[in-house]
Amino acid sequence: MKRYALGCLIFLGVTVTSFGQHSITGTVTDLSGRSVLGTHVVSKTTGVTAIVDHEEKYRIDTQSNDTLIYYFYGYDFQVIPVNGRAKIDVVLTSPEDTLTNERIAASANRKRKVVMILVDGISTDTFHKVSTPYMDAMSEQGWFSPAYVGGRRGTISETPSISAVGYNSMLTGTWCHKHHVFGNSIVSPNYNYPTVFRIYKDAYPEGKIAIFSTWEDNRTKLLGEGLSSTGSLKLDYAFDGFELDTAAYPHDANKHYLKRIDNKVVAEAADYIINHGPDLSWVYLEHTDDMGHMHGDGPELYSAVTYEDALIGTIQDAVKLREQATDEEWLIIVTTDHGRKPTDGKDHGSQSFRERSTWVIMNRPIQNLYAQNNQVAIVDILPTVCNYLNIDIPASTANELDGISLTGAVDAFDLRGTYLGGYLQLDWLTEYRNHEEATVYVSYTNERKDGKEDQYKAVGQVDVQKRTFTTKINPPKKTPYVKVVLKTKNHAVTTWVKVKS
Ligand SMILES: [Zn+2]
915 MKRYALGCLI FLGVTVTSFG QHSITGTVTD LSGRSVLGTH VVSKTTGVTA IVDHEEKYRI
975 DTQSNDTLIY YFYGYDFQVI PVNGRAKIDV VLTSPEDTLT NERIAASANR KRKVVMILVD
1035 GISTDTFHKV STPYMDAMSE QGWFSPAYVG GRRGTISETP SISAVGYNSM LTGTWCHKHH
1095 VFGNSIVSPN YNYPTVFRIY KDAYPEGKIA IFSTWEDNRT KLLGEGLSST GSLKLDYAFD
1155 GFELDTAAYP HDANKHYLKR IDNKVVAEAA DYIINHGPDL SWVYLEHTDD MGHMHGDGPE
1215 LYSAVTYEDA LIGTIQDAVK LREQATDEEW LIIVTTDHGR KPTDGKDHGS QSFRERSTWV
1275 IMNRPIQNLY AQNNQVAIVD ILPTVCNYLN IDIPASTANE LDGISLTGAV DAFDLRGTYL
1335 GGYLQLDWLT EYRNHEEATV YVSYTNERKD GKEDQYKAVG QVDVQKRTFT TKINPPKKTP
1395 YVKVVLKTKN HAVTTWVKVK S
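If you're matching positions, the sequence shown starts at 915 in the numbering used here and goes up one per residue.
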């Protein structure tokens, strides 16, 4: 009905009269921030029509007390009084958006829970080559993306493509220059970069966290359960350590005991999810990596991937049963910790494309444009979990995160910087077109590594759409790195910029 009325207004025309010039410009976007090219902007007084053109703007000359009508086929029209403004940016919504918003509102009333599943050592090419019907179905109803581990090659964040290193990048949302896990012996993790479990418990002390794992060190060393340096983090439920029980699981040369343990771990995870529904949990499965190390690329590794796929299907079924029986809404995130050597697939640890090559699956199609259009990283999982669970990450932690949420609002990402001749130059990317002011902060110290606060100083403001920023800075002598935070409307993006050569 609204559209019909407006159609009359446009097509029957209104007497056009000339008035004193008042120019109005602006953008017209949809809810995702994309420009709605071709939108008609009609003066209610004069009938003059302007169109959003390929410059992604409109310009209309009319009176300062006019009212403008914005219309494009498929969207609800908007009627906006000018009130003397020279710039009016408009967001058009469609009836479908209204439905989506209603769905979001309905889902907001459901209790959200997350289970992360990490299945060890499956490179993206192997994933695509092998039969994985359960993960394929999850990707189909949700989302799949190639991803990477290993930090930024050739920079301080470069991170070995080693198992525990990858797990901790997932758990802390940071690369190894921060979390300090460089190998599987996990010598001295820096617990000043908290895991997602600690962040969760700080936000929701009453919430329940759980781990189901074929490797006990994940709980005792990476999560650091019970250590004073992790605030004595306590899992509400832990099911792990069976690899140490050589009576029940004798260590056979073919390492099939680990396959049996993966099976046991998943059976318990599924049962526990159905009956107890932990708010945040992690399932860790190992069999694939062992087959890779022993046999390299070939039938043993491939059938291990298919085997783990079926176990992941078991967890997905458990989540579905739980959702049917409760008013809960679950996010399942499945990923892997590294790829495999390009030559034979046996080992990993280096920076080859294949060793860095991983993937992420979510069971819900809630990816944002960053996730949709870019190669995502294992460090993105922590911000994604926090976003989904509505956790407001404290600034002192957010300022150190190397990841970007795969869901929700993303203003900027891929922040990079150089320092030359006293000037700090920054560049970043955006996917949305909102003009928002962002603030650039720098810190010349890294107190965070010792658990103290850094003094971030604002050095300028910039429209996030500019995607670049330069300023003169004066770091104290011998400062090795300037820590940079681009604080946007919805989150922070960080990078370390090398100063001392
Ligand atoms: Zn691994």
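For glycine and all other residues, C-beta sits at the position ideal for the given N, C-alpha and C.
*asked:* Which complete alpha helix (DSSP H) runs does the stretch 1065-1119 hold, if anything under 4 residues is left out?
replied: 1077-1086, 1090-1093 and 1110-1117
If you draw a straight line from the alpha carbon of L1085 to that of I1076, how long is it in whole angstroms?
-> In the sequence shown, counting from the first residue as 1, residue 1085 sits at position 171. In the sequence shown, counting from the first residue as 1, residue 1076 sits at position 162. Whole-angstrom Cα-Cα distance: 14 angstroms.
- So what does E859 bridge to, in DSSP terms? In the structure as shown, the chain begins at 915 and stops at 1415. Residue 859 is therefore absent and cannot be evaluated.
Closest Cα partner of E1200 within the set Y1186, Y1370, V1219 and V1028
On the sequence shown, position 286 is the one that residue 1200 refers to. It is V1219 whose Cα lies nearest to the Cα of E1200.
Item to complete: Would you tell me roughly how many angstroms separate the C-alpha atoms of D1258 and D1039, rounded to the nearest one?
Response: As a first step, residue 1258 must be located in the sequence shown, where it is residue number 344. As a first step, residue 1039 must be located in the sequence shown, where it is residue number 125. If I take the Cα positions, the gap works out to 13 angstroms.
* To do: Compute the distance between the beta-carbons of H968 and L945, then report whether it is under 8 angstroms.
  => Locating residue 968 in the sequence shown gives position 54, counting from the first residue. Locating residue 945 in the sequence shown gives position 31, counting from the first residue. Contact: no.
task: For D1034, I'd like the list of residues in its chain whose CB is within less than 7 angstroms of its CB, leaving aside the five on either flank, ordered along the chain.
output: Taking the sequence shown and counting its residues from 1, one reaches residue 1034 at position 120. Only S1077, L1199, E1200, T1202, D1203, T1250 and D1251 meet the Cβ criterion.
Within this structure, are the beta carbons of I1002 and G940 separated by less than 8 angstroms? The residue labelled residue 1002 in the question sits at position 88 within the sequence shown. The residue labelled residue 940 in the question sits at position 26 within the sequence shown. A contact, by the Cβ cut-off of 8 angstroms.
Sheet register partners of P1060 (DSSP bridge): Counting from one through the sequence shown, the residue named residue 1060 turns up at place 146. Answer is W1273, bridged to P1060.
Just curious, the beta strand (DSSP E) that Q992 is in, first and last residue? Sequence index remark: in the sequence shown, residue 992 carries index 78 (1-based). Start and end: Q992 to P995.
*Mind checking which residues open and close the alpha helix (DSSP H) that includes I1187?*
As a first step, residue 1187 must be located in the sequence shown, where it is residue number 273. In the DSSP annotation of this structure, the continuous segment of the alpha helix (DSSP H) that includes I1187 starts and ends at H1170 to H1190.
Practice task
Could you spell out the range, first to last residue, of the alpha helix (DSSP H) harbouring Q1281?
Solution key: Here the question's residue 1281 lines up with position 367 in the sequence shown. Premise fails: Q1281 is in no alpha helix (DSSP H) and is neither H nor E.
To the nearest angstrom, how far is the alpha carbon of T1007 from that of G1121?
Within the sequence shown, residue 1007 is the residue found at index 93, counting from 1. Within the sequence shown, residue 1121 is the residue found at index 207, counting from 1. Each residue's alpha carbon lies about 36 angstroms from the other.
### Query
In its own chain, which residues sit with a C-beta less than 7 angstroms from the C-beta of S878, not counting the 5 before and 5 after it?
Because residue 878 is not part of the residues shown, which for the chain are 915 to 1415, the question remains open.
Taking 7 angstroms as the cut-off, does the CB of D1034 come closer than this to any heavy atom belonging to ligand 1?
-> Here residue 1034 refers to the residue found at position 120 of the sequence shown. At least one heavy atom of ligand 1 is nearer than 7 angstroms to the Cβ of D1034, so yes.
Mind reading off the beta-carbon distance from S1271 to D1294? Whole number of angstroms is fine, and I expect it under 8 angstroms. Looking up residue 1271 in the sequence shown gives position 357. Looking up residue 1294 in the sequence shown gives position 380. With a Cβ gap of about 15 angstroms, S1271 and D1294 do not count as contacting.
On the DSSP bridge assignment, give the partners of E1351 in chain order. Taking the first residue of the sequence shown as position 1, residue 1351 is located at position 437. Per DSSP, D1377.
query: In terms of alpha-carbon separation, which member of D1231, L1149, Y1163 and K1169 lies closest to V1180?
result: Numbered from 1 along the sequence shown, position 266 holds the residue referred to as residue 1180. Closest option to V1180, Cα to Cα, is D1231.
Along the chain, where does the alpha helix (DSSP H) that runs through I1295 open and close?
-> Working through the sequence shown from its first residue, we reach residue 1295 at position 381. Note, I1295: alpha helix (DSSP H), I1295 to Y1302.
Beta-bridge pairing of D1223 - partner residues as DSSP gives them: The sequence position of residue 1223 within the sequence shown is 309, counting from 1. DSSP lists no partner for D1223.
- Output the distance between the C-alpha atoms of H1207 and D1261, rounded to the nearest integer angstrom. Locating residue 1207 in the sequence shown gives position 293, where the first residue counts as 1. Locating residue 1261 in the sequence shown gives position 347, where the first residue counts as 1. Cα atoms of H1207 and D1261: separation of roughly 6 angstroms, rounded to the nearest angstrom.
By Cβ distance, which residues of its chain are closer than 8 angstroms to P1394, with the 5 residues on each side in sequence left out? Within the sequence shown, the letter at position 480 stands for residue 1394. Exclusion of the five residues before and after P1394 leaves K1412, V1413 and K1414 as the residues of its chain whose Cβ lies within less than 8 angstroms of its Cβ.
Q: Could you tell me if the beta carbon of D1251 falls within a distance shorter than 7 angstroms of some heavy atom in ligand 1?
A: By 1-based counting over the sequence shown, the position of residue 1251 is 337. Yes, ligand 1 has a heavy atom inside 7 angstroms of this Cβ.
Would the C-beta of D1131 count as close to ligand 3, meaning under 7 angstroms from any of its heavy atoms?
Ligand 3 is not part of the structure shown, which contains ligand 1 as its ligands.
* **Per DSSP, cross-strand counterpart(s) of S949** => Residue 949 sits at position 35 when you count from the first residue of the sequence shown. Answer is T943, bridged to S949.
If you draw a straight line from the C-alpha of T1311 to the C-alpha of Y1114, how long is it? The residue you call residue 1311 lines up with position 397 of the sequence shown. The residue you call residue 1114 lines up with position 200 of the sequence shown. It is roughly 12 angstroms from the alpha-carbon of T1311 to the alpha-carbon of Y1114.
_Pop quiz: D1364 and N1106 are said to be a contact at Cβ under 8 angstroms. What is the actual Cβ separation, rounded to whole angstroms?_
Along the sequence shown, one-based indexing puts residue 1364 at 450. Along the sequence shown, one-based indexing puts residue 1106 at 192. Confirmed, about 7 angstroms.
### Query
What do you get for D1241, buried or exposed, if any count of 16 or more other CB atoms within 10 angstroms of its CB means buried?
The residue given as residue 1241 occupies position 327 in the sequence shown. With fewer than 16 Cβ atoms within 10 Å of its Cβ, D1241 is classed as exposed.
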